[in-house]
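Trainee:
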Amino acid sequence: MGTGPVQTLKPENGLGRPWRWSSLLEDKTAMGVAFIAPALILLFLFLAYPLVLGIWLGFTDTLVGRKGEFIGLANYISLLNDSLFWKVTYYTFLYTIAAVFFKLLLGFALAIVLNRDFRAKGFVRAIVLLPWIIPTVLSAICFWWLFDTTFSGITWVLMKAGLIAHKIDYLGDPTNARICLIVANVWRGIPFFTIGLLAGLQTINPTLYEAASIDGAGGWHRFRHVTLPLITPLLAVVTTFSTIWTFADFQLIWVITKGGPANATHLYGTLSFQRAIPGGQFGEGAAISAFILPVLIICVLICYKYLRREE
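If you read the sequence shown in the numbering used here, its first letter stands for residue 249, the second for the next number, and so on.
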């Protein structure tokens, strides 16, 4: 009894067709997952995992060299009864609100100026970027020198000009130190507002200003009724990002004052680092850093809700 030709079995997909690698390469969903997988893995390893670990440590009594145990809300209750924590909370909000306000005001004004045509405009734009390009630690060291009580360049200029008769204790006085840090943060953050808002201003159609001028609108009315409404969505995004970065600032504070004098210039980030690393109390340090999350989430939700309303 004869037999027919031997048939080679081929793997089939769910539709009964032979499965080939080429079909996988043509699958947009599969290729999308393959391309995004490396980025997701990196985000998980360097963002998601540390975030979850930090939140977990906040509920433990972990110390250096000793594995902690779950203690619930004990760290948070202890912080709420800590006068230093409330002092840090006050300055964190003061630092953020004041710095973001002045960065917004000065950055917006500078963006309007740079949006006009004048000689050496490209050079001036490049100069404006310098505070943002310079590494934070390097700029912090420069400000630390400028605010040094003995060798301050600012004091030297003021004394040579005859405006002051004695040296100013910039970083030794709590009030002066707080103001100096806000000034340093504003100087560093202005370019972010300037460049971001300048890009938005250049997208506004000039014919809108021409039409407003024909209708008799002055400079203030053109700004209020043309520029501001069109730039507001971008302004909300830029302000949100700046608020997040300012609220979670660490490098500038730590290099210039390390939270001093007398813990007057600590932010959540610097106090968390001080308690967790030099102090060895990982659990308490993680609990302090967790207080940053609600504010950041609120900022993002406000920005998202506002942008949806604009749409």
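Positions of the beta carbon are idealized from the N, C-alpha and C atoms, including for glycine.
Name the residue from Ala322, Val348 and Val281 whose alpha carbon lies nearest to the alpha carbon of phenylalanine 489.
Mentor: Nearest option by C-alpha distance: Val348.
Trainee: Taking leucine 562 and alanine 496 to be in contact with their CB atoms under 8 Å, please state how far apart those CB atoms are, rounded to whole angstroms.
Mentor: In the structure displayed, the chain extends from 249 to 559; residue 562 sits before or after that span and is not available.
Trainee: Of all the options Phe530, Gly467, Arg470 and Gln522, which has the alpha carbon lying nearest to the alpha carbon of tryptophan 502?
Mentor: For tryptophan 502, the nearest C-alpha among the options comes from Gln522.
Trainee: Does DSSP classify arginine 436 as helix, strand or coil?
Mentor: In this structure, arginine 436 counts as helix in the three-state DSSP scheme.
Trainee: For the alpha helix (DSSP H) that contains phenylalanine 350, what are its first and last residues?
Mentor: Run containing phenylalanine 350: 331–362, per the alpha helix (DSSP H) assignment.
Trainee: Taking the CB atoms as reference points, tell me whether threonine 340 and tyrosine 516 lie closer together than 8 Å.
Mentor: Yes, Cβ-Cβ distance for threonine 340 and tyrosine 516 is below 8 Å.
Trainee: With the cut-off set at 8 Å, would you say alanine 512 and proline 422 are in Cβ contact?
Mentor: Cβ distance < 8 Å, so alanine 512 and proline 422 count as in contact.
Trainee: How would you call proline 439, buried or exposed, if buried means at least 16 neighbouring beta carbons within 10 angstroms?
Mentor: Classification for proline 439: buried.
Trainee: Along the chain, which unbroken stretches of the alpha helix (DSSP H) at least 4 residues long are found entirely within the region 469–554?
Mentor: For the region 469–554, whole alpha helix (DSSP H) runs of length 4 or above, ordered along the chain, are 476–495, 499–504, 516–524 and 530–538.
Trainee: Just curious, the alpha helix (DSSP H) that proline 383 is in, first and last residue?
Mentor: Element bounds for proline 383: n/a, residue is neither H nor E.
Trainee: Leaving out the 5 sequence neighbours to the left and right, which residues in its chain are closer than 6 Å to leucine 358 when beta-carbon positions are compared?
Mentor: Excluding sequence neighbours, leucine 358 sits near Thr442.
Trainee: Helix, strand or coil for phenylalanine 318 per DSSP?
Mentor: Three-state DSSP puts phenylalanine 318 in a strand.
Trainee: Counting pairs of beta carbons, one from the region 538–553 and one from the region 365–373, are three or more of them closer than 8 Å?
Mentor: Flag = no, the region 538–553 and the region 365–373 do not touch.
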